[in-house]
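Chains L and V, in that order, are what the protein sequence lines are.
The opening position of the first sequence corresponds to residue 132 in our numbering, with each subsequent residue numbered one higher.
The opening position of the second sequence corresponds to residue 32 in our numbering, with each subsequent residue numbered one higher.
Ideal Cβ placement from N, Cα and C applies to all residues, glycine included.
In this text the structure is predicted, and so the values were computed from the model without any measurement.
Read the structure below first, then the notes.
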Amino acid sequence: MIAQRLANNGARRVLDTLVAEGVDVAFGYPGGAIMPLYDALYGHDLRHILVRHEQAAVFAAGAYARSTGRVGVCMATSGPGATNLVTGLLDAMMDSVPVVAITGQVKTHLMGTDGFQEADVAAVTQAITKYNLVVRDVSEIEPTIHKAFTLARGPRPGPVLVDIPRDILEAKISGTPAPQDGPTIANAVRESFRQRFPAQAEEIARAVEMIRAAKKPLAIVGGGCRAADAFAEYRAFCALLGLPHAATINGLGAPTPGDPHFLGMLGMHGWKAANRAVMEADCILALGMRFDDRVTGRVDRFAKQAQIIHVDIDRSEFHKIIPAQATIHADLRSALDALTAALAPNPPRFDAWAKSAASHGGPLPRDRAKPGMMSATDVLDHFFATAPPATYVATDVGQHQMWAAQRSRPLDPHHFITSAGLGTMGFGLPAAIGTQIANPEATVVAICGDGGFQMTLHELATLRRYSLPVKILIIDNRNLGMVRQWQQLFFDARYSATNLSDNPDFCALAHAYGVHAESIDRLNDLQPALERFFATNEATLLHCACYPEENVWPMIPAGAAIDEGIESLAGESLEV
Amino acid sequence: MNRTFQTRDGRLVARLILLAHRFGCDYTELAVTRNAAVFSVSIDFVGNAEALRRLDAQISKLLDYEKEIA
Ligand SMILES: Cc1ncc(C[n+]2csc(CCOP(=O)(O)OP(=O)(O)O)c2C)c(N)n1
């Protein structure tokens, strides 16, 4: 009976098709409508990671994808299980992350009857996924899952949901799914996009002309570089021209670590040199980035001196926010290869301008902590100085995220994992779990605020269950720090609902889950604690009790131009 | 702005109308006919020129998804 159940039903077909797509692990949580799938998982080759909340499953799948370039897979039951995926699906959508979510649905005859745990998940997720597909017949399972993977992978990646009613999971089916060939492997898929979306000669010629005419060109690299796995080409292109360059938060890791021409992250909490270069540049090469409002500040004042060359695989990004004088609709690798080839015989060099742009940087401005208290920026400075270069950092959302983004110099774009477009608190720990599962030998750290950590801290149980050596750094300022900062600056210091001075004992919580933890509150104790943190091979939590009122500087206030940054509470303007 | 297209996914019509509202646009005329599995759709959208331009780009993108999996 059991053997028969495993051998030939829709649920088994789902799993076999996932394996045929090259999936090695799925993150999920069981429940009524998806029970046949969990039954088929019992003894199946596909690895399943049980999280403690479906939101963690989709965040982990997203991080698996961000850290590898492969599709991340999650699964949940109907109704509440499926709706718990919503935030993570939108998170993947905003950052163009390839995720496939499989949801169980009530039986077909119950659909539309307000059945127990019924949700019209296709309607709910229509606007927050690239696409969703509802399976209506067992014979459609295999082609539907292949379609989901095709769409998730690109050309611009994103999340796709497949909803499968329980009776379809239980239905009999014969045969086995055809194994997929080359194109199911991530690299081969990217290669196929390169071939399908080559840079057009006229578009390249126009861009080359503009680059040659420019005196002060600046490259801005975004998340497209990770999606296209184009960082080697990006580095070669910048090196060829001696080009100054800046990154959006999703573009971090694209530049060669230590490249002196890299001006840092730009935008609301970006480096002064990067923001200033935007205002001074006469030509901007926007490479796989989408001019998010956190990047541009006031749009009508953004890069007023510059001609814009916009490269993207998604045509709908062109002229969406910032009009471009030239566009290149192509896979970023193809575009960069073509630009490099066209410029290489006689490359213009921009070293003097790059040097001048970098010279306006200076150290990051920072608040002074009260005597005797540890500052979060000190903690993160030491952290990044101590972390091995190949460390994967997953952050949560808030001040600590911005401080980390300012300081991090990741090995490549797969090594800095953050919820950028959606800014989703609770992302950090589940993202570190997905990253560690995908990269079992790697050092993986979740940097979390005390607020965001409490949104998904139950995933400590997942660390314990699978013996994952994830390291957690908690920057505890006993506040919802980023919101507190805005209240201090823009709401007359009326601190409404941001005080977390009654935080729990984070070490006791970790211990309750069987995770090693220690707490420090003095700078003198930091370095030895960090050494221990990186030396251990087990899950560990380092709780850093920090000065509660430290702010993130510089800051471009919302609605202000990118040259209207402030760098201290007194509101002193940056001299841009 | 008129968009006339064919799709196998009738739900797309609902998606586009919601999207138009999101962009501060509206629709004034909608015609759908179905022949076997294919819907022929024509929608007239109205709104601010810039919003219509962005809506147009998004519609093309959504229609492309279907081509990817055809
Ligand atoms: C799910 C979610 N809810 C609310 C917010 C709004 N928000 C942005 S940052 C922030 C404060 C984060 O506090 P904490 O996790 O302690 O980090 P800190 O800013 O102090 O570093 C809040 C509430 C959000 N980004 N995500």
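Restricting to Cα atoms, I'd like to know which of the options is closest to residue i.
| i | options | result |
| --- | --- | --- |
| residue 287 of chain L | L/262, L/300 and L/274 | L/262 |
| residue 712 of chain L | L/574, L/649 and L/626 | A query on residue 712 of chain L cannot be resolved here, the shown segment of chain L reaching from 132 to 707 and no further. |
| residue 684 of chain L | L/592, L/436, L/176 and L/612 | L/612 |
| residue 530 of chain L | L/680, L/438, L/201 and L/194 | L/680 |
| residue 304 of chain L | L/182, L/499 and L/144 | L/144 |
| residue 636 of chain L | L/481, L/656 and L/584 | L/584 |
| residue 440 of chain L | L/656, L/334 and L/521 | L/334 |
| residue 337 of chain L | L/188, L/459 and L/678 | L/459 |
| residue 518 of chain L | L/190, L/546, L/491 and L/494 | L/546 |
| residue 646 of chain L | L/668, L/657, L/295 and L/568 | L/668 |
| residue 391 of chain L | L/190, L/483, L/423 and L/242 | L/483 |
| residue 290 of chain L | L/297, L/401, L/279 and L/328 | L/279 |
| residue 445 of chain L | L/418, L/230 and L/626 | L/418 |
| residue 216 of chain L | L/233, L/202 and L/201 | L/233 |
| residue 308 of chain L | L/142, L/283 and L/640 | L/142 |
| residue 437 of chain L | L/568, L/302, L/345 and L/151 | L/345 |
| residue 41 of chain V | V/92, V/52, V/55 and V/67 | V/67 |
| residue 176 of chain L | L/188, L/193, L/156 and L/161 | L/156 |
| residue 268 of chain L | L/236, L/243 and L/244 | L/236 |
| residue 603 of chain L | L/675, L/485, L/257 and L/328 | L/675 |
| residue 581 of chain L | L/631, L/616 and L/536 | L/631 |
| residue 184 of chain L | L/201, L/213 and L/169 | L/213 |
| residue 413 of chain L | L/374, L/497, L/242 and L/387 | L/374 |
| residue 281 of chain L | L/258, L/321 and L/367 | L/321 |
| residue 58 of chain V | V/100, V/38, V/34 and V/88 | V/34 |
| residue 420 of chain L | L/400, L/455 and L/257 | L/455 |
| residue 578 of chain L | L/671, L/500 and L/464 | L/671 |
| residue 595 of chain L | L/640, L/416, L/372 and L/656 | L/640 |
How would you write the range of the beta strand (DSSP E) that residue i sits in, first residue to last?
| i | result |
| --- | --- |
| residue 649 of chain L | 647-651 |
| residue 443 of chain L | 438-443 |
| residue 396 of chain L | 393-396 |
| residue 60 of chain V | 57-66 |
| residue 145 of chain L | Residue 145 of chain L -> not in any beta strand (DSSP E); alpha helix (DSSP H) instead, spanning 141-151. |
| residue 180 of chain L | 178-181 |
| residue 257 of chain L | Counting along the chain, residue 257 of chain L falls outside any beta strand (DSSP E), and DSSP gives it neither H nor E. |
| residue 54 of chain V | First-last for residue 54 of chain V: undefined, no H or E at that position. |
| residue 642 of chain L | First-last for residue 642 of chain L: 637-643, but that is the alpha helix (DSSP H), not the beta strand (DSSP E). |
| residue 236 of chain L | 230-236 |
Quick check: is any heavy atom of ligand 3 less than 8 Å from the C-beta of residue i?
| i | result |
| --- | --- |
| residue 608 of chain L | Looking for ligand 3 in the displayed structure turns up nothing; the ligands present are ligand 1. |
Going by the CB atoms, is the gap between residue j and residue i shorter than 9 Å?
| i | j | result |
| --- | --- | --- |
| residue 354 of chain L | residue 381 of chain L | yes |
| residue 341 of chain L | residue 457 of chain L | yes |
| residue 555 of chain L | residue 218 of chain L | yes |
| residue 74 of chain V | residue 60 of chain V | yes |
| residue 210 of chain L | residue 248 of chain L | yes |
| residue 566 of chain L | residue 198 of chain L | yes |
| residue 553 of chain L | residue 221 of chain L | yes |
| residue 181 of chain L | residue 146 of chain L | no |
| residue 541 of chain L | residue 383 of chain L | yes |
| residue 433 of chain L | residue 449 of chain L | no |
| residue 196 of chain L | residue 228 of chain L | yes |
| residue 590 of chain L | residue 544 of chain L | no |
| residue 403 of chain L | residue 174 of chain L | no |
| residue 71 of chain V | residue 63 of chain V | yes |
| residue 533 of chain L | residue 677 of chain L | no |
| residue 515 of chain L | residue 550 of chain L | no |
| residue 488 of chain L | residue 349 of chain L | yes |
| residue 405 of chain L | residue 377 of chain L | yes |
| residue 469 of chain L | residue 329 of chain L | yes |
| residue 188 of chain L | residue 206 of chain L | yes |
| residue 93 of chain V | residue 51 of chain V | no |
| residue 200 of chain L | residue 230 of chain L | no |
| residue 563 of chain L | residue 601 of chain L | yes |
Using 9 Å as the limit for Cβ to Cβ distance, is residue i near chain B?
| i | result |
| --- | --- |
| residue 457 of chain L | Checking the listed chains, one finds no chain B in this structure; the protein chains it contains are L and V. |
Ends of the alpha helix (DSSP H) at residue i?
| i | result |
| --- | --- |
| residue 70 of chain V | Segment 69-77 is the beta strand (DSSP E) holding residue 70 of chain V; no alpha helix (DSSP H) there. |
| residue 167 of chain L | 166-172 |
| residue 602 of chain L | Looking at the DSSP string, residue 602 of chain L is not in any alpha helix (DSSP H); the run it does join, the beta strand (DSSP E), is 602-607. |
| residue 189 of chain L | 185-199 |
| residue 667 of chain L | It is not in any alpha helix (DSSP H) - residue 667 of chain L carries neither H nor E in the DSSP assignment. |
Please identify, using Cβ separations under 7 Å, the residues of the stretch 252-282 of chain L that lie next to chain V, in order along the chain.
Only those residues of the stretch 252-282 of chain L whose C-beta falls short of 7 Å from the nearest C-beta of chain V are listed: 257, 258, 261, 262, 278, 281 and 282.
Against chain L: residues of the stretch 69-86 of chain V by CB proximity under 8 Å
Residues 84 and 85.
Relative to chain V, which residues along the stretch 448-476 of chain L have a C-beta separation below 9 Å, given in chain order?
Going along the stretch 448-476 of chain L in chain order, one finds 448, 449, 450 and 451 with a Cβ nearer than 9 Å to chain V.
Select from the stretch 418-432 of chain L all residues with a C-beta closer than 7 Å to any C-beta belonging to chain V, and list them in chain order.
None of the residues of the stretch 418-432 of chain L has a beta carbon lying less than 7 Å from any beta carbon of chain V.
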